[in-house]
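Chemist: Below you'll find the structure I mean.
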Amino acid sequence: MAFTSWADFWQMGGYALFVWLSFGTTYALLLGLWWYSKRQHHSIQQQIRAKAAREQRVRQHQEREK
Amino acid sequence: MSIILAAEALSCVRQDRVLFENLNFQLSAGQVLYIQGKNGAGKSSLLRLLAGLSSPEDGQILFHGKPLSAVAEHFAEQLLFIGHQSGIHPQLTALQNLAFWSALTAQQPADPYQLLGSLGLAGLEDIPCFMLSAGQQRRVSLARLWFTTKPLWILDEPFTSLDQQLIAKLEQHFLQHLASGGVIVLTSHQALSASYPELQALELEYRW
Amino acid sequence: MSIILAAEALSCVRQDRVLFENLNFQLSAGQVLYIQGKNGAGKSSLLRLLAGLSSPEDGQILFHGKPLSAVAEHFAEQLLFIGHQSGIHPQLTALQNLAFWSALTAQQPADPYQLLGSLGLAGLEDIPCFMLSAGQQRRVSLARLWFTTKPLWILDEPFTSLDQQLIAKLEQHFLQHLASGGVIVLTSHQALSASYPELQALELEYRW
Amino acid sequence: MVMWRSLIKRELQLLGRQKADWLNPLVFFLLVLSLFPLGIGPEPGMLKQIAPGLVWIAALLSVLLSAERLFKDDYRYGVIEQLVAGREGLFSYVTAKICCHWLSTGVPLILVSPLIAVLLGLNFDSWQVLVVTLVLGTPVLSLLSVLGAALTMAADKGGILQALIILPLYIPLLIFASGAMEAAATALPYTGQLAVLLAFLLFALALVPLAVRQALRMNVG
Amino acid sequence: MVMWRSLIKRELQLLGRQKADWLNPLVFFLLVLSLFPLGIGPEPGMLKQIAPGLVWIAALLSVLLSAERLFKDDYRYGVIEQLVAGREGLFSYVTAKICCHWLSTGVPLILVSPLIAVLLGLNFDSWQVLVVTLVLGTPVLSLLSVLGAALTMAADKGGILQALIILPLYIPLLIFASGAMEAAATALPYTGQLAVLLAFLLFALALVPLAVRQALRMNVG
Amino acid sequence: MWGSMFRWLDPYAKPETLYHLCGRLLPYLMGLALFTLLLGNIWGLAFSPADYQQGDSYRIIYIHVPSAIWSMGAYSSMAIAAFIGLVWQIRVAQWAVLAIAPIGAVYTAIALITGAAWGKPMWGTWWVWDARLTSELVLLFLYLGVIALAGAFSEAARGIKVASLLAIVGVVNLPIIHFSVEWWNTLHQGATITKFAKPSIDPSMLWPLLISLLGFALLLAALTCLRLRSQILIFEQHRPWVRQLVDAKGDSSQKEQN
Ligand code: HEM
Ligand SMILES: Nc1ncnc2c1ncn2[C@@H]1O[C@H](COP(=O)(O)OP(=O)(O)OP(=O)(O)O)[C@@H](O)[C@H]1O
Ligand SMILES: Nc1ncnc2c1ncn2[C@@H]1O[C@H](COP(=O)(O)OP(=O)(O)OP(=O)(O)O)[C@@H](O)[C@H]1O
Ligand SMILES: [Mg+2]
Ligand SMILES: [Mg+2]
Chain Y
1 MAFTSWADFW QMGGYALFVW LSFGTTYALL LGLWWYSKRQ HHSIQQQIRA
51 KAAREQRVRQ HQEREK
Chain H
1 MSIILAAEAL SCVRQDRVLF ENLNFQLSAG QVLYIQGKNG AGKSSLLRLL
51 AGLSSPEDGQ ILFHGKPLSA VAEHFAEQLL FIGHQSGIHP QLTALQNLAF
101 WSALTAQQPA DPYQLLGSLG LAGLEDIPCF MLSAGQQRRV SLARLWFTTK
151 PLWILDEPFT SLDQQLIAKL EQHFLQHLAS GGVIVLTSHQ ALSASYPELQ
201 ALELEYRW
Chain V
1 MSIILAAEAL SCVRQDRVLF ENLNFQLSAG QVLYIQGKNG AGKSSLLRLL
51 AGLSSPEDGQ ILFHGKPLSA VAEHFAEQLL FIGHQSGIHP QLTALQNLAF
101 WSALTAQQPA DPYQLLGSLG LAGLEDIPCF MLSAGQQRRV SLARLWFTTK
151 PLWILDEPFT SLDQQLIAKL EQHFLQHLAS GGVIVLTSHQ ALSASYPELQ
201 ALELEYRW
Chain S
1 MVMWRSLIKR ELQLLGRQKA DWLNPLVFFL LVLSLFPLGI GPEPGMLKQI
51 APGLVWIAAL LSVLLSAERL FKDDYRYGVI EQLVAGREGL FSYVTAKICC
101 HWLSTGVPLI LVSPLIAVLL GLNFDSWQVL VVTLVLGTPV LSLLSVLGAA
151 LTMAADKGGI LQALIILPLY IPLLIFASGA MEAAATALPY TGQLAVLLAF
201 LLFALALVPL AVRQALRMNV G
Chain L
1 MVMWRSLIKR ELQLLGRQKA DWLNPLVFFL LVLSLFPLGI GPEPGMLKQI
51 APGLVWIAAL LSVLLSAERL FKDDYRYGVI EQLVAGREGL FSYVTAKICC
101 HWLSTGVPLI LVSPLIAVLL GLNFDSWQVL VVTLVLGTPV LSLLSVLGAA
151 LTMAADKGGI LQALIILPLY IPLLIFASGA MEAAATALPY TGQLAVLLAF
201 LLFALALVPL AVRQALRMNV G
Chain X
1 MWGSMFRWLD PYAKPETLYH LCGRLLPYLM GLALFTLLLG NIWGLAFSPA
51 DYQQGDSYRI IYIHVPSAIW SMGAYSSMAI AAFIGLVWQI RVAQWAVLAI
101 APIGAVYTAI ALITGAAWGK PMWGTWWVWD ARLTSELVLL FLYLGVIALA
151 GAFSEAARGI KVASLLAIVG VVNLPIIHFS VEWWNTLHQG ATITKFAKPS
201 IDPSMLWPLL ISLLGFALLL AALTCLRLRS QILIFEQHRP WVRQLVDAKG
251 DSSQKEQN
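Chains as they are written, first to last, in our numbering: chain Y, 1 to 66; chain H, 1 to 208; chain V, 1 to 208; chain S, 1 to 221; chain L, 1 to 221; chain X, 1 to 258.
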């Protein structure tokens with residue numbers, strides 16, 4: 001351990017702003033990307049399901065037309 | 001019966017060429033003006049004149065007996081014009097395009113889904129229009145004819161890229177519109193199949 | 001007679017929709033393939049596949065018995081494709097447009113003035129094409145059919161915006177081309193009027 | 001009013017579908033800004049000195065070019081033709097276009113201005129003035145660009161013709177906006193310049209929409 | 001060769017018909033150049049110092065934007081579709097386009113360079129270096145712009161997308177070209193930079209036409 | 001020759017197989033990535049000694065260097081995928097381009113932000129226009145260009161192909177970034193760890209750095225797997241197997257709700 005106390009650790013020898021800014025934004029961005037990709041995956045599946053439902057609708061409509 | 005739209009001694013010049021001269025006709029409620037002619041005869045040019053998009057070289061157009069320029073606003077309210085271009089935005093869906101036209105004219109379909117479905121676009125209502133085929137795009141554009149209350153329709157080759165079935169349906173709709181006192185001006189290279197009660201054919205000659 | 005163009009178990013997907021599946025046909029010299037179908041059935045998509053502009057989802061296209069991808073260069077040399085768009089530059093005159101296509105294919109008309117004249121464009125040869133009417137532009141584009149020596153023609157709705165007279169002329173020309181051993185693939189919503197010796201009709205269904 | 005709201009909705013739908021229409025100008029703006037230090041040399045002193053001009057030139061180019069396609073689609077597909085034939089909605093349509101253009105290009109520029117300040121080494125005060133000039137100036141930029149787009153709609157010559165027509169009109173704006181920022185940088189009063197910018201804005205707001213409508217009519221006729 | 005000649009002829013005919021296509025970029029170039037003294041302030045010392053960068057940035061923007069419409073018409077009206085279907089002429093078509101683009105935008109820039117020298121207060125030596133860098137650099141600009149136009153042909157997003165894509169590739173060119181001029185201004189040797197520009201040119205000449213052809217094929221397929 | 005050499009890869013070029021493979025790999029990759037990343041970063045942040053010159057600010061190195069190096073690594077892999085996709089017409093490779101691009105863009109943004117945050121204490125300024133910094137910024141723009149281009153087309157498949165071509169052309173920027181510190185004299189540090197023979201850095205600092213490097217690489221792989229699965233679904237949505245897969249999932253999630 002390079003630091004003697006938690007306070008020391010958080011202060012980062014006076015560079016707290018820069019170090020924590022870097023680590024903070026890095027993990028925020030990475031989490032954001034992870035979340036975005038997850039959500040995209042989910043919404044694609046939903047779209048596919050919606051399209052299947054629409055297909056059903058169209059088939060019904062065509063049946064009725066005939 | 002009163003005359004709704006009339007042309008008096010109309011003539012049109014494009015570039016250096018006289019397309020037609022001294023053209024006259026009178027249209028009253030329930031009548032169709034079916035403009036025919038070879039390619040380049042001046043059909044589209046005439047329709048643009050009638051729609052007030054350009055002004056004639058000579059002669060005048062009368063709407064309910066008054067010159068077009070005097071009643072421009074009123075005329076525009078009564079007119080539905082669909083030209084060679086279909087007037088739909090390819091990035092918007094069929095529904096959004098309809099909503100746009102509804103907003104502008106304050107006339108909307110009772111049930112847009114049902115309308116689009118009856119035009120064979122069921123299931124394609126919320127897809128951007130560029131993903132539709134040529135004929136399907138045309139159908140979206142023509143959907144407006146089913147919920148407008150405007151009496152005067154000016155349509156430039158409405159049948160292009162439509163299949164036979166839809167052409168028949170469209171002509172049925174024309175008949176209905178005429179029966180309710182509307183007026184239609186249209187061009188087409190295809191013969192009209194329905195039997196119109198009062199059809200005025202106007203043959204433009206290709207002049208040089 | 002040897003088979004020139006054949007499709008084997010062709011299928012096409014646009015976005016998420018299967019337009020057609022397991023499509024087969026064989027065309028030999030002198031035959032027309034006339035593709036019909038409702039709007040959005042997939043006619044244009046099929047023609048683009050056949051012209052090598054896109055590749056099929058499944059199945060293959062054979063040209064003289066060899067898969068298209070293997071003989072792409074050779075195939076392209078034998079092919080004349082005209083799509084929904086007419087392929088003429090609106091800023092150039094009819095003559096300049098013809099010259100461009102002549103340069104690319106090393107095939108030129110004996111007398112371009114005479115050719116354009118016979119297509120009803122006399123006097124319009126050196127006017128930029130945007131000043132021509134819809135049908136006249138189409139005529140310029142189709143003029144290529146009169147001086148090409150390529151055997152395989154793929155035409156997407158060649159009759160749009162043409163008047164009856166020119167359609168008749170064009171069909172005459174089709175017959176000539178077929179008689180000399182050519183092959184034509186075309187779509188149209190209008191019925192063909194000429195009597196083709198060997199016509200294969202292919203009806204695409206609008207599927208969902 | 002109802003009509004105007006649904007026209008705005010249409011524009012927003014288009015922006016939602018074509019995200020590139022508002023994202024690209026923004027990135028273009030940043031790209032052009034970063035060209036200068038590369039081409040001119042990166043000395044911070046010099047950069048700080050010419051920064052006001054740079055920001056305004058980059059803003060001008062990106063707003064201008066983003067307006068280029070504003071009416072193109074609607075024109076090509078015959079929407080405008082039908083609007084002109086049916087008169088009613090044309091004016092609402094024009095004002096809706098203008099509003100949404102500013103929302104989609106001017107506002108993002110204002111929002112990224114802190115980033116610009118970092119890149120060009122502006123201090124806090126200069127940044128504040130920059131924001132004020134942008135708030136007053138970008139609507140004028142939008143108005144003029146939309147006018148340019150309407151004038152060149154049928155010409156089909158791409159952004160460059162529009163730039164030629166509109167750039168001369170921009171120049172007064174450029175002079176006063178960068179003048180205000182320079183004055184602020186040297187601690188001189190700059191309310192005068194801001195007042196002029198405000199006057200430009202009011203003037204343009206009153207006249208440009210009418211001019212745009214007229215331009216659309218002429219282009220179709 | 002015969003084919004190539006008639007393709008060149010076609011392009012020249014188009015340029016002849018649409019004079020704006022080569023006049024506008026030139027005027028745009030001069031206009032953008034004249035924006036700088038207005039936006040930045042006209043002190044001659046400063047202006048002379050940043051002149052090399054300015055000229056190159058303006059050249060870059062004007063060449064880039066002029067390329068935007070290069071393939072648009074041919075694409076929209078189905079010419080490219082048919083070229084791709086018929087393969088033969090595609091490569092000649094591409095090279096003819098590139099040549100004529102350079103002739104119509106790069107060459108005029110070189111020709112007006114004396115005027116620029118006067119406007120920006122360059123001396124004779126700096127002007128000479130400017131001309132050399134323009135001769136070596138504008139063909140690369142043209143090549144890359146044409147590539148950008150080909151890539152974005154079917155995208156229908158206007159010049160800004162093209163700028164976004166191609167500006168990053170331009171940046172090395174900008175650095176070396178303005179570097180050469182700066183070196184010349186401070187009487188340092190600049191053959192190194194010129195050699196690099198030459199290398200860029202050869203590299204681009206070898207690869208870009210192929211890439212353009214590929215891009216056209218993809219855009220249609 | 002090429003064909004036969006890579007024949008064993010063929011099954012993986014089949015979208016369905018690849019989809020399931022990615023699905024199976026994803027949890028392991030993700031777990032490993034998280035583990036190594038946290039290990040490297042916590043070690044670097046809390047346990048390795050402070051730098052005698054830079055003090056504790058140097059600890060930014062544990063994210064700056066991995067993200068910077070892998071921003072370029074991601075670009076190369078994207079370009080390789082693009083090349084394979086275009087030359088051999090392998091569609092999954094084309095899809096991989098779009099899967100990787102956003103990850104690369106985020107890595108580049110991280111490198112830029114952390115670099116700026118490091119530059120402020122070290123050089124006294126957030127940003128200078130030096131060659132390495134600028135070329136890294138250009139890399140970000142290239143990524144954005146690829147993403148924008150891919151999205152600009154009405155047909156997604158076409159957009160991807162065109163964007164692949166751009167990705168390949170953009171490779172010229174990579175050597176510029178890497179050698180910028182040698183070609184121009186700049187503020188930025190020269191190669192310290194990538195000098196293979198003798199890294200000029202203390203082992204107690206080097207180890208956590210190497211572990212973080214591995215962590216970022218694994219994360220790149222994991223995220224690529226995740227995103228590639230989405231791409232496969234998009235482009236294969238008309239296939240029966242996708243329909244079945246999605247339906248099954250929809251049913252099960254509905255049951256869960258009930
Ligand atoms: C916004 C500012 C910065 C950017 C964009 C940036 C970018 C980069 C890039 C792209 C690399 C990878 C180079 C390669 O592998 O070829 C790198 C590596 C590195 N950077 Fe930065 N950097 C920035 C600021 C800094 C600062 C302020 C420092 C420290 C004072 C620093 C120290 C390092 C070190 C030590 C390496 C590893 C070099 C090696 O071993 O190859 N960077 N940086
Ligand atoms: N650019 C596109 N992107 C996605 N889907 C498309 C696109 N163009 C067409 N489609 C879809 O493919 C289907 C077939 O279109 P295609 O143009 O082949 O029809 P078509 O038979 O030629 O119709 P038409 O008679 O109207 O010309 C359409 O229903 C449409 O949904
Ligand atoms: N933009 C234009 N500028 C100049 N002249 C034009 C323009 N458009 C058409 N013309 C000329 O006007 C004549 C008539 O064109 P118009 O479009 O009215 O014909 P049309 O009867 O609609 O033909 P089509 O059946 O082909 O649609 C054409 O012969 C052409 O020479
Ligand atoms: Mg017409
Ligand atoms: Mg079709």
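Glycine residues also receive a C-beta, built at the ideal position from the N, C-alpha and C atoms.
#1: With DSSP collapsed to three states, give me the class of residue 33 of chain H.
#2: So, at 7 Å on beta carbons, what are the nonlocal neighbours of residue 212 of chain L in its own chain, with the 5 sequence-adjacent residues on each side left out?
#3: Measuring only the C-alpha atoms, how far is residue 71 of chain V from residue 5 of chain V?
#4: Could you check the C-alpha separation between residue 8 of chain L and residue 22 of chain L for me, to the nearest Å?
#5: CB residue 47 of chain L to CB residue 98 of chain L, shorter than 8 Å?
#6: With hydrogens ignored, establish whether the beta-carbon of residue 86 of chain V is closer than 7 Å to any heavy atom of ligand 4.
#7: Is residue 75 of chain V helix, strand or coil when you go by DSSP?
#8: Nearest to residue 115 of chain H by CA position, among H:169, H:133, H:78, is which residue?
#9: Report all residues from its chain with a CB closer than 7 Å to the CB of residue 70 of chain L; omit the five preceding and five following residues, and keep chain order.
#10: Listed in chain order, which residues of the region 4–35 of chain S have Cβ atoms closer than 7 Å to some Cβ of chain L?
#11: From the DSSP output, read off the bridge partner residues of residue 154 of chain H.
#12: Residue 220 of chain X lies in the alpha helix (DSSP H); which residues open and close that run?
#13: How about residue 138 of chain V: is its Cβ closer than 7 Å to a heavy atom in ligand 2?
#14: Which one or two residues does DSSP pair with residue 61 of chain H in a beta bridge?
#15: Can you give me, in chain order, the residues of the region 85–96 of chain L that have a beta carbon less than 7 Å from any beta carbon in chain V?
#16: Give me whichever residues DSSP pairs with residue 203 of chain H in a beta bridge.
#17: Answer yes or no: does any C-beta atom of chain L fall closer than 8 Å to that of residue 184 of chain S?
#18: Does at least one heavy atom of ligand 2 sit under 7 Å from the Cβ of residue 55 of chain Y?
#19: Out of H:203, H:134, H:160, H:82, point me to the one whose CA is closest to residue 42 of chain V's CA.
#20: In three-state terms, what does DSSP make of residue 197 of chain X?
#21: Who's in the neighbourhood of ligand 3, going by beta-carbon under 5 Å from any heavy atom, listed in chain order?
#22: Within a Cβ cutoff of 7 Å, which residues of the same chain sit near residue 132 of chain L, ignoring the five residues on either side of it in sequence?
#23: Give a yes or no on whether the C-beta atoms belonging to residue 35 of chain L and residue 174 of chain S are separated by under 8 Å.
#24: Is the Cβ of residue 64 of chain V closer than 8 Å to any Cβ of chain L?
#25: Using a threshold of 8 Å, state whether the C-beta atoms of residue 18 of chain Y and residue 117 of chain X are closer than that.
#26: Got a sec: which bits of the region 106–129 of chain H sit with their beta carbon under 7 Å from any beta carbon on chain Y, in order along the chain?
#27: Taking only heavy atoms of ligand 2 into account, decide whether any of them is closer than 7 Å to the Cβ of residue 163 of chain H.
#28: Determine whether the beta carbon atoms of residue 186 of chain H and residue 46 of chain H lie at a separation below 8 Å.
#29: Measure the C-alpha to C-alpha separation of residue 40 of chain X and residue 163 of chain X and round it to an integer number of angstroms.
#30: Can you name the start and end residues of the alpha helix (DSSP H) that residue 24 of chain V belongs to?
#31: Can you pull the chain V residues whose beta carbon is under 7 Å from the beta carbon of residue 51 of chain Y, in chain order?
Modeler: Answer, in terms of the structure:
#1: Locating residue 33 of chain H in the second sequence gives position 33, where the first residue counts as 1. Strand, per DSSP.
#2: Taking the fifth sequence and counting its residues from 1, the one referred to as residue 212 of chain L is at position 212. Contacts found: 94, 146, 147, 150.
#3: The residue you call residue 71 of chain V lines up with position 71 of the third sequence. The residue you call residue 5 of chain V lines up with position 5 of the third sequence. C-alpha separation (whole angstroms): 12 Å.
#4: Position 8 of the fifth sequence, counted from the start, is the residue given in the question as residue 8 of chain L. Position 22 of the fifth sequence, counted from the start, is the residue given in the question as residue 22 of chain L. Looking at the two C-alpha atoms, the distance is approximately 16 Å.
#5: Within the fifth sequence, residue 47 of chain L is the residue found at index 47, counting from 1. Within the fifth sequence, residue 98 of chain L is the residue found at index 98, counting from 1. Against a cut-off of 8 Å, the Cβ pair of residue 98 of chain L and residue 47 of chain L comes out as no contact.
#6: Within the third sequence, the letter at position 86 stands for residue 86 of chain V. For ligand 4, not one heavy atom lies less than 7 Å from the Cβ of residue 86 of chain V.
#7: As a first step, residue 75 of chain V must be located in the third sequence, where it is residue number 75. Here residue 75 of chain V sits in helix by DSSP.
#8: In the second sequence, counting from the first residue as 1, residue 115 of chain H sits at position 115. Measuring from the Cα of residue 115 of chain H, the nearest candidate turns out to be H:169.
#9: Looking up residue 70 of chain L in the fifth sequence gives position 70. So the list reads 97, 101, 146, 149, once near-sequence residues are dropped.
#10: 20, 24, 25, 27, 28, 31, 35
#11: Working through the second sequence from its first residue, we reach residue 154 of chain H at position 154. In the DSSP output, where bridge partners are listed per residue, residue 154 of chain H has H:81, H:185.
#12: The sequence position of residue 220 of chain X within the sixth sequence is 220, counting from 1. Where residue 220 of chain X is concerned, the enclosing alpha helix (DSSP H) stretches over 203–235.
#13: By 1-based counting over the third sequence, the position of residue 138 of chain V is 138. Every heavy atom of ligand 2 is 7 Å or more from the Cβ of residue 138 of chain V, so no.
#14: In the second sequence, counting from the first residue as 1, residue 61 of chain H sits at position 61. Partner(s): H:7.
#15: 85, 86, 87, 88, 89
#16: Counting from one through the second sequence, the residue named residue 203 of chain H turns up at place 203. According to DSSP, residue 203 of chain H bridges with H:36.
#17: As a first step, residue 184 of chain S must be located in the fourth sequence, where it is residue number 184. Residue 184 of chain S does not count as touching chain L.
#18: The residue given as residue 55 of chain Y occupies position 55 in the first sequence. Because no heavy atom of ligand 2 lies under 7 Å away, the Cβ of residue 55 of chain Y does not count as near it: no.
#19: Taking the third sequence and counting its residues from 1, the one referred to as residue 42 of chain V is at position 42. Ranking H:203, H:134, H:160, H:82 by Cα distance to residue 42 of chain V puts H:134 first.
#20: Position 197 of the sixth sequence, counted from the start, is the residue given in the question as residue 197 of chain X. Caution is warranted here: a pLDDT of 47 is assigned to residue 197 of chain X, below 50, making its placement in the model unreliable, and no coordinate value can be reported.
#21: H:14, H:15, H:39, H:40, H:41, H:42, H:43, H:44, H:45, V:131, V:133, V:134, V:135
#22: Position 132 of the fifth sequence, counted from the first residue, corresponds to residue 132 of chain L. Excluding residues within five positions, the ones whose Cβ falls inside 7 Å are 194.
#23: Here residue 35 of chain L refers to the residue found at position 35 when the fifth sequence is read from its first residue. Here residue 174 of chain S refers to the residue found at position 174 when the fourth sequence is read from its first residue. Yes, these two residues count as a Cβ contact at 8 Å.
#24: One-based indexing of the third sequence puts residue 64 of chain V at position 64. For residue 64 of chain V, the answer is no, since every Cβ of chain L falls outside 8 Å of its Cβ.
#25: Indexing the first sequence from 1 puts residue 18 of chain Y at position 18. Indexing the sixth sequence from 1 puts residue 117 of chain X at position 117. Going by C-beta atoms, residue 18 of chain Y is nearer than 8 Å to residue 117 of chain X.
#26: 117, 122, 123
#27: Mapped onto the second sequence, residue 163 of chain H falls at position 163. Yes, the beta carbon of residue 163 of chain H sits closer than 7 Å to at least one heavy atom of ligand 2.
#28: Locating residue 186 of chain H in the second sequence gives position 186, where the first residue counts as 1. Locating residue 46 of chain H in the second sequence gives position 46, where the first residue counts as 1. Against a cut-off of 8 Å, the Cβ pair of residue 46 of chain H and residue 186 of chain H comes out as no contact.
#29: On the sixth sequence, residue 40 of chain X is found 40 positions in, with the first residue counted as 1. On the sixth sequence, residue 163 of chain X is found 163 positions in, with the first residue counted as 1. In a straight line, the C-alpha of residue 40 of chain X is about 35 Å away from that of residue 163 of chain X.
#30: For this step, residue 24 of chain V is matched to residue 24 along the third sequence. Taken as a continuous stretch (DSSP letters only), residue 24 of chain V belongs to no alpha helix (DSSP H), being part of the beta strand (DSSP E) at 17–28.
#31: The sequence position of residue 51 of chain Y within the first sequence is 51, counting from 1. In chain order: 16.
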